[in-house]
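As structure tokens, the structure follows; a few thoughts come after it.
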Amino acid sequence: MAVPVANDKPVLVLLHGWGLNHAVWQQLLPQLTGQFSVLTPDLPGFGLAVDYPEPYRLADVAAVVAEQIPHGSLVLGWSLGGLVATQIALDYPEKVRALALVASSPCFVAAEDWPGMAPLVLRQFAAALAKDVALTIDRFLAIQALGSATARQEIKLLKQALLTLPLPQSAALAGGLTVLAEVDLRPRLSELSMPVTGCFGRLDSLVPVAMLDKLQLLLPNAALTMLPKASHAPFISHPEEFSQWLLQWAQIMRKKE
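Number 257 marks the last residue of the sequence shown (full-length UniProt numbering); no jumps.
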């Protein structure tokens, strides 16, 4: 069932990425709650959402999250959360009035003429995950901040968010990696019926900036923004710039109501 919303503010749904939980949005919330009814559900198997679909398929994960959000929401997904948000927009378009992607790609793995992560990287993470969950997540958090001038602070804030709640379920972590390694939503992007926007970091090592031009071709009407000094977590490293982008997007969406 969708979470009831008690006022007439637009509903903004924030979906976190792999290995994290809803606490990752904590420092952003004070700048948003005045204008939005903010929902920050945990992805299945992460944070407080201990139940998850088995096998861990993107469509089933999206179905679980879609039940938690009201119709006509502004839905923002970061990294893996961006794939979930896109799947919800495709399968439950009535739930998503507008879609925002943050450091996310419809296809995370590099392919012919498509910039992305080397398949070997995800295979190595999957192998390491079987041996040490906490260490594997730590390494993934470190990669997310690569290239940023404030990498140490970003990693600290991401770890704080991680440790606020129980560690993710091992099967959900492994399933999430499989989603990142195998899902390719590029062929379905033309089906999206709602406005799409995006915010990306030029220094992102997981979602290369070279991907943006390719994504723009697939989504010619999308408004894509690049923050020149940000990496994979722009809302952590550049909260003011990110909030300004987010509020601007919401303002535009409100005018279109």
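Idealized CB from N, CA, C, for every residue including glycine. Since the structure is predicted, the reported quantities are computational estimates derived from the model, not experimental observations.
- Excluding five sequence positions before and after Gly34, none of the CB atoms of its chain fall closer than 6 Å to its own CB.
- Note that the C-beta distance between Leu43 and Leu76 is not below 9 Å.
- Rounded to whole angstroms, the separation of the alpha carbons of Arg57 and Leu189 is 18 Å.
- Counting along the chain, the unbroken beta strand (DSSP E) around Met226 starts and ends at 223–227.
- Note that the C-beta distance between Gly17 and Gly116 is not below 9 Å.
- Excluding residues up to 5 positions away in sequence, Asp51, Tyr52, Tyr56, Pro168, Gln169, Ala171, Ala172, Leu173, Gly175, Gly176 lie with their Cβ nearer than 8 Å to the Cβ of Gly45 in the same chain.
- Here the alpha carbons of Lys9 and Arg254 stand approximately 10 Å from one another.
- In the structure shown, Ala111 falls within a strand segment according to DSSP collapsed to helix, strand and coil.
- Val65 sits away from Pro93, with the two beta carbons spaced by 9 Å or more.
- In this structure, Leu99 is the residue among Lys131, Leu99, Ile88 with its C-alpha nearest to the C-alpha of Leu219.
- Residues Arg97 of the same chain have their beta carbon placed closer than 6 Å to that of Gly72, with the five preceding and five following residues left out of the count.
- In this structure, DSSP gives Leu76 an extended state, which the three-state scheme calls strand.
- Linking Phe36 to Trp249 through their CA atoms gives a straight-line distance of about 12 Å.
- Rounded to whole angstroms, Asp91 and Arg186 show a C-alpha spacing of 15 Å.
- Taking Ala111 as reference, the option from Ile137, Gln251, Asp184 with the minimal CA-CA separation is Asp184.
- Secondary structure at Leu12: strand, using DSSP grouped into helix, strand and coil.
- The shortest CA-to-CA distance from Gln251 to any of Gly147, Ser79, Leu74 is the one to Leu74.
- Taking every protein chain shown into account, the CB of Gln153 has fewer than 16 other CB atoms within 10 angstroms, so this residue is exposed.
- Counting only residues of its own chain and dropping the five nearest sequence neighbours on each side, Asp113 has a CB closer than 8 Å to the CB of Lys214.
- Shown here, Ser104 sits in coil according to DSSP, grouped into three states, outside any helix or strand.
- For Ala98, the three-state secondary structure derived from DSSP is strand.
- In the pairwise beta carbon analysis, the region 124–142 is classified as not touching the region 222–230: fewer than three pairs are separated by under 8 Å.
- Annotation: the continuous beta strand (DSSP E) that includes Thr197 extends over 196–201.
- The Cβ atoms of Ala151 and Pro234 lie no closer than 9 Å to each other.
- For Ser37, the enclosing beta strand (DSSP E) starts and ends at 37–39.
- A check of alpha carbon separations from Trp78 across Pro166, Val207, Ala134 identifies Val207 as the nearest.
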